[in-house]
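This report refers to the structure that appears directly beneath it.
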Amino acid sequence: MSGLACSVRRTFAILLAALPMAAPAVHEAASPRMDAQARAEAARAERRRAADGEADFRAEPVDAAFVAGTVDKVRGAFEGASEPLRSRLRSVECRSRSCRVELVDVLAPRPDDSELIPVLNRIADTLPRASVTRPDGPDADGRVVLYLSR
Numbered sequence: 031m032s033g034l035a036c037s038v039r040r041t042f043a044i045l046l047a048a049l050p051m052a053a054p055a056v057h058e059a060a061s062p063r064m065d066a067q068a069r070a071e072a073a074r075a076e077r078r079r080a081a082d083g084e085a086d087f088r089a090e091p092v093d094a095a096f097v098a099g100t101v102d103k104v105r106g107a108f109e110g111a112s113e114p115l116r117s118r119l120r121s122v123e124c125r126s127r128s129c130r131v132e133l134v135d136v137l138a139p140r141p142d143d144s145e146l147i148p149v150l151n152r153i154a155d156t157l158p159r160a161s162v163t164r165p166d167g168p169d170a171d172g173r174v175v176l177y178l179s180r
């Protein structure tokens, strides 16, 4: 598969994961996987995945050369976007082979959400792997953390 196709698939997966869950259709309400217990299990699994991703990132050693060039590249990818999207970038932190990018207010509907695709494509050559988590806690509303790695 070409690099562009992989990048587009990765970007689509990131955007899909960042969207709020739609309300289930009436016929899905009877599904055993839609019950309260299943939703609670899924929420616990997401919290574990987010904690594991954060712990893995924090345990990674720091490579100053990778950090300098990569933080600049990630921030630069956002510079070409509109002000509303640029203002969503809360932080970029890199280690030796991955970066943690925190965005705020991504669940709020905005007309510029489609601009995230070219931003992510600009960094896909350096950081082709991605996972998306939503932090848990009182100040986590609307925050999404992207873990991007090479």
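Position in the sequence shown (first residue = 1) + 30 = our numbering.
Backbone N, C-alpha and C define an ideal beta-carbon position, used for all residues, glycine too.
I'd like the list of long-range same chain contacts for residue i, defined as Cβ closer than 7 Å, with 5 residues on each side in sequence excluded.
i: R120; result: E132, L133, V134
i: F87; result: R125, S128, R130, Y177
i: R152; result: A107
i: E90; result: R125, S126, R127, S128
i: R79; result: T163
Ignore the nearest five residues each way along the sequence and tell me which others in residue i's own chain have a CB closer than 6 Å to its CB.
i: P141; result: Caution is warranted here: a pLDDT of 41 is assigned to P141, below 50, making its placement in the model unreliable, and the coordinate value is therefore given only provisionally. Once the five neighbours on either side are set aside, P141 has no close Cβ partner at all.
i: D166; result: R77
i: V97; result: C124
i: A55; result: Caution is warranted here: a pLDDT of 42 is assigned to A55, below 50, making its placement in the model unreliable, and the coordinate value is therefore given only provisionally. Once the five neighbours on either side are set aside, A55 has no close Cβ partner at all.
i: R116; result: F108
Going along the chain, which residues of its own chain have a beta-carbon closer than 8 Å to the beta-carbon of residue i, five neighbours each way excluded?
i: R118; result: L133, V134, D135, V136
i: R74; result: none
Would you give the residue range spanned by the beta strand (DSSP E) that residue i belongs to?
i: L157; result: Careful: L157 lies outside any beta strand (DSSP E) and carries neither H nor E.
i: R118; result: From DSSP, R118 is part of no beta strand (DSSP E); its letter is neither H nor E.
i: S128; result: 128-133
i: S179; result: 174-179
Could you pull the start and end residues of the alpha helix (DSSP H) that residue i belongs to?
i: R105; result: 94-109
i: V149; result: 146-153
Below 8 Å on the Cβ atoms is my guess for residue i versus residue j; work out the distance and round it to an integer in Å.
i: S179; j: R164; result: Between R164 and S179 the Cβ distance is about 19 Å, and since that is not below 8 Å, they are no contact.
i: V104; j: V122; result: 5 Å
Helix, strand or coil for residue i? Go by DSSP, reduced to three states.
i: R69; result: helix
i: E76; result: helix
i: E113; result: helix
i: E84; result: helix
i: C124; result: strand
For residue i, decide whether its Cβ has a neighbour in chain D, counting only Cβ atoms nearer than 8 Å.
i: L178; result: Of the protein chains in this structure there is only one, and it is not chain D.
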